[in-house]
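Participant: In the numbering used here, the protein residues as written are 169 to 330.
For glycine and all other residues, C-beta sits at the position ideal for the given N, C-alpha and C.
Before anything else, here's the structure in question.
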Ligand code: ADP
């Protein structure tokens, strides 16, 4: 049976930390669906369509990775696409506590889905999307935290800066 994992998140924006988890996950799974959840309380910084386009560009060379958006419960999305695994990255002890709560709630709803955690590479531990957005807001250079395929300057030329 094909091993399909969903890598859920808001990816606002998608960072080199996210990319690394997905590429490492390819050693464990046949297919990975990077899925942008749109049902959270978080308000978006980059539009959904743009985030989808960027992630598709990052993995254009990798046929085993798909990119999608969903607005249901994550476990319902997993069921819909036939995924039995959820992939998540762990950076810190705080991540662990947060992830444990989500994983246990998910487990209470759907026993067939296993959550697989990969420890972040040390050099990516401090990278998070909130921090990247702050760097952007104050005019800093965020490109070192983003995959090469995500060209922020090009984006801001077309859409203006926030
Ligand atoms: P969420 O809104 O679910 O927190 P994020 O987009 O922030 O979504 O993150 C999605 C997943 O990527 C989470 O499992 C998170 O732990 C992981 N992640 C976030 N930043 C990094 C990083 N720098 N290195 C590795 N994993 C990360």
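(1) Helix, strand or coil for residue 223 per DSSP?
(2) Within the same chain, show all residues whose beta-carbon is closer than 7 Å to that of residue 236, passing over the 5 residues directly before and after it, in chain order.
(3) Residue 228 by DSSP, collapsed to three states: which one?
(4) Quick check on the DSSP output: the beta strand (DSSP E) that includes residue 285 runs from which residue to which?
(5) Can you grab the Cα-Cα spacing for the pair residue 302 / residue 248, in whole Å?
(6) The alpha helix (DSSP H) with residue 184 in it runs from where to where?
(7) State the DSSP-derived secondary structure class of residue 237, mapped to helix, strand or coil.
(8) State the CB to CB distance for the pair residue 206 and residue 259, rounded to an integer number of angstroms; the pair is presumed to be in contact (CB under 8 Å).
Facilitator: By the coordinates alone:
(1) For the purposes of this step, residue 223 is taken as the residue at position 55 of the chain shown. Here residue 223 sits in helix by DSSP.
(2) As a working mapping, residue 236 is identified with position 68 in the chain shown. Same-chain partners within the cutoff: 201 and 203.
(3) The count along the chain shown starts at 1 and reaches residue 228 at position 60. Residue 228 falls in the coil class under three-state DSSP.
(4) If you number the chain shown from 1, residue 285 lands on position 117. Where residue 285 is concerned, the enclosing beta strand (DSSP E) stretches over 282 to 287.
(5) To locate residue 302, count along the chain shown from 1; it is residue 134. To locate residue 248, count along the chain shown from 1; it is residue 80. Answer to the nearest angstrom: the Cα atoms are 35 Å apart.
(6) Along the chain shown, read from residue 1 onward, the residue named residue 184 stands at position 16. Segment 184 to 193, the alpha helix (DSSP H) holding residue 184.
(7) On the chain shown, position 69 is the one that residue 237 refers to. Strand.
(8) Working through the chain shown from its first residue, we reach residue 206 at position 38. Working through the chain shown from its first residue, we reach residue 259 at position 91. With 8 Å as the limit, residue 206 and residue 259 do not qualify as a contact, their Cβ atoms being about 23 Å apart.
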